[in-house]
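Undergrad: One line per chain: the protein sequences are H and D, in this order.
Sequential numbering from 2 applies to the first sequence in this note's numbering.
Sequential numbering from 15 applies to the second sequence in this note's numbering.
Don't be surprised by glycine CBs; every beta carbon is placed ideally from N, CA and C.
The structure displayed is predicted, hence computed values, not measured ones.
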Amino acid sequence: MMDLTVEFKGVSKQYPHFSLDNIDLELPTGSIMGFIGANGAGKSTTIRILMGLVLQDKGTVQVLGHSMPGEQAAAKLDIGFVSEDMRLYGAATLEWHMKFVSSIFPKWDQLYADKLVQRFDLKPQQKIKGLSHGQRVKAALLLALARKPRLLVLDEPTTGLDPVARREVLGELMAVLADEDRTILFSSHNTQDVEQISDQITFIDRGTIIDSDDKEGFLDQWRRLRLVMPQHAEVPRLPGVIDVGGTGRLPVLTTNRFDPGMLTVCQDLGATIQAVDSMTLEEIFVTSVQHRRETLAV
Amino acid sequence: MYLQIMEQIKLRVSVGDWAAGQEIPSIRQLAVALRVSVITVKRAYLELEREGVIITQHGKGSMVAPDAGLGPRLHEEELSGHLEQAARLGGVLGLSREELALRLEEASGRLVEDGLPKEME
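Pasting the structure below:
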């Protein structure tokens, strides 16, 4: 059986203007999951439920073998959580924060913390209120990483970072995964970051998970077929094609279930295959969301 | 992305940076070094294994296949790929086989004039 660090089963949560609907989510141990959604899609609510900060109306949540939110105290010893709205004390220094966190968490690794201070180019004596946004994110991440948690939960860790800081942060996340027992869940609307370092990818939109797969699976199954049709011929209708764009004799078919047999079918109908393009994760995400919203609207 | 990793590894093997029979980094090590996901490197290794470029032994890690003729074979594969593409583009442009062959002839002619691939002769 696959070892799961996080498992959501049928989790729902109702708010007056937003609801999270029947979320199933599995995060295998040792992997990194990118959790992608537009603003307001339900990423943070899902993460809050995972952390035991919000109680679900329905469904079960298991994190590191603990059921949430009931056993959250035990689970949290081994979860490092960083989110945008998590504030450090402005009047205290980074060094004070490191001492504070290390006094609570027995697995705190001071050597590693010192290394991170160097790598992230931070100054322990500096007060938090004097730090830039990027430095604050890196400081919060340092405090989470040096506890050596088995699960890292990061809500938008790279949002608002400059390219250098982003690279430092992504590099450090990958370094964590050199250890096979550690797992990362991070939410983002930056598909580029997710595409680079994730093993698993989950798309969420309007409170529902619309797709969840390993990354290579995603990239393999989505293709754009650019065809040249003979005059007066109809565009072939294929199963698995979710969007037909382009103009007149030059249709562009988008599929989320590509298989090479499709090309033969198109050719049999007289079409010339001009190109079969793979898609970036961003294109895949936007197309999925649009397709789903259109399907729901019909 | 895994295609880029495959290209890079093949290049390292063909120029001899990674010698035949040499142990290569584990999937996780390479993923961390390249800052790409584990699954991408895994995919690249699987494909390279299928092509016979590397050998993976369970629990022992991966190494470059101990096949001395690897360099030339990789060039051979690359050549077939380019030729297929040239044939396809020729088709798109409506060139006959003779015209296509002539174009290839011309291209080699130009290279020899530039004095580039002497060792290929």
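Under 8 Å: do the segment 42–49 of chain H and the segment 60–67 of chain D share three or more Cβ pairs, one atom per stretch?
TA: No, they do not touch.
Undergrad: Assign residue 81 (chain H) to buried or exposed, taking buried as 16 or more other Cβ atoms, counted over all protein chains shown, within 10 Å of its Cβ.
TA: By the 10 Å Cβ count, residue 81 (chain H) comes out buried.
Undergrad: In whole angstroms, give me the CA-to-CA distance for residue 158 (chain H) and residue 21 (chain H).
TA: Distance between the alpha carbons of residue 158 (chain H) and residue 21 (chain H) is about 22 Å.
Undergrad: Can you tell me which residues form a DSSP beta bridge with residue 87 (chain D)?
TA: Answer is none; residue 87 (chain D) lacks a bridge partner.
Undergrad: Which residue or residues does DSSP assign as beta-bridge partners of residue 212 (chain H)?
TA: Answer by DSSP bridge pairing, in chain order: H:204.
Undergrad: Quick one: measure Cβ to Cβ for residue 220 (chain H) and residue 275 (chain H), integer angstroms, because I've assumed they're closer than 8 Å.
TA: Incorrect: roughly 21 Å between the Cβ atoms, too far for contact.
Undergrad: Ordered along the chain, which non-local residues of its own chain (more than five positions away) have a Cβ less than 6 Å from that of residue 273 (chain H)?
TA: Once the five neighbours on either side are set aside, the close Cβ partners of residue 273 (chain H) are 229.
Undergrad: DSSP three-state call for residue 230 (chain H): helix, strand or coil?
TA: The answer is coil: DSSP assigns residue 230 (chain H) none of H, G, I, E or B.
Undergrad: Run through the segment 144–186 of chain H for me and flag every whole alpha helix (DSSP H) of 4 or more residues, listed as ranges in chain order.
TA: Taking only runs of at least 4 residues, the alpha helix (DSSP H) segments lying wholly in the segment 144–186 of chain H are 164–177.
Undergrad: Once DSSP output is grouped into helix, strand and coil, what is the label at residue 66 (chain H)?
TA: Correct three-state label for residue 66 (chain H): coil.
Undergrad: Kindly indicate which residue of H:148, H:121, H:139 and H:64 has the alpha-carbon position closest to the one of residue 104 (chain H).
TA: Nearest C-alpha to residue 104 (chain H): H:148.
Undergrad: Roughly how many angstroms lie between the CA atoms of residue 134 (chain D) and residue 79 (chain D), to the nearest whole one?
TA: The predicted model places residue 134 (chain D) with a pLDDT of 46, which falls under 50 and marks its position as unreliable; any figure quoted below should be read in that light. For residue 134 (chain D) and residue 79 (chain D), the distance between alpha carbons rounds to 25 Å.
Undergrad: If we call anything under 8 Å between Cβ atoms a contact, is residue 256 (chain H) one with residue 263 (chain H)?
TA: Yes, the pair counts as a contact, with Cβ atoms nearer than the cut-off.
Undergrad: What residues are listed by DSSP as bridge partners for residue 24 (chain H)?
TA: DSSP lists H:12 as partners of residue 24 (chain H).
Undergrad: If I'm right that residue 289 (chain H) touches residue 214 (chain H) with Cβ under 8 Å, what's the distance once you round it to whole angstroms?
TA: Contact doesn't hold; Cβ gap of about 11 Å is too wide.
Undergrad: Starting from the C-beta of residue 190 (chain H), find all residues in its chain whose C-beta is less than 8 Å away, skip the five residues before and the five after it, and write them out in chain order.
TA: If we look at residue 190 (chain H) and ignore the five residues flanking it on each side, its Cβ neighbours are 37, 38, 39, 40, 157 and 160.
Undergrad: Between residue 188 (chain H) and residue 33 (chain H), is the Cβ-Cβ spacing less than 8 Å?
TA: No, these two residues do not count as a Cβ contact at 8 Å.
Undergrad: Along the chain, which unbroken stretches of the beta strand (DSSP E) at least 3 residues long are found entirely within the segment 47–120 of chain H?
TA: Complete beta strand (DSSP E) runs here, min 3: 59–64, 67–69 and 80–83.
Undergrad: Please name the residues in the segment 39–65 of chain D whose beta-carbon is closer than 9 Å to at least one beta-carbon of chain H, in chain order.
TA: Answer in chain order: 42, 43, 45, 46, 47, 48, 49, 50, 51, 52, 53, 54, 56 and 57.
Undergrad: Among the candidates H:231, H:204, H:120 and H:134, whose CA atom is the shortest distance from the CA of residue 176 (chain H)?
TA: Of H:231, H:204, H:120 and H:134, the residue nearest in Cα terms is H:120.
Undergrad: Consult DSSP for residue 269 (chain H) and reduce its assignment to one of helix, strand or coil.
TA: If DSSP states are grouped into helix, strand and coil, residue 269 (chain H) belongs with the helices.
Undergrad: Do residue 301 (chain H) and residue 96 (chain H) have their C-beta atoms closer together than 8 Å?
TA: In the structure displayed, chain H extends from 2 to 299; residue 301 (chain H) sits before or after that span and is not available.
Undergrad: Identify the residues that DSSP records as bridge partners of residue 37 (chain D): which are they?
TA: For residue 37 (chain D), which the question treats as bridged, DSSP gives the partners D:77.
Undergrad: Going by C-alpha to C-alpha distance, which of H:294, H:117, H:298 and H:234 sits closest to residue 141 (chain H)?
TA: Of the listed residues, the one whose Cα sits closest to residue 141 (chain H) is H:117.
Undergrad: Could one say the Cβ of residue 285 (chain H) lies closer than 8 Å to chain D's Cβ atoms, at least one of them?
TA: So, not an interface residue.
Undergrad: When you compare only the Cα positions, how much space is there between residue 169 (chain H) and residue 201 (chain H)?
TA: Those two C-alpha atoms are separated by around 21 Å.
Undergrad: Report yes or no: do the segment 130–146 of chain H and the segment 107–117 of chain H share at least 3 C-beta pairs separated by less than 8 Å?
TA: The segment 130–146 of chain H is in contact with the segment 107–117 of chain H.
Undergrad: Which residue marks the beginning of the beta strand (DSSP E) containing residue 15 (chain D), and which one marks its end?
TA: Segment: none, residue 15 (chain D) is in no beta strand (DSSP E) and carries neither H nor E.
Undergrad: May I ask you to report which of helix, strand or coil DSSP gives residue 32 (chain H)?
TA: Reduced to three states, the DSSP call for residue 32 (chain H) is coil.
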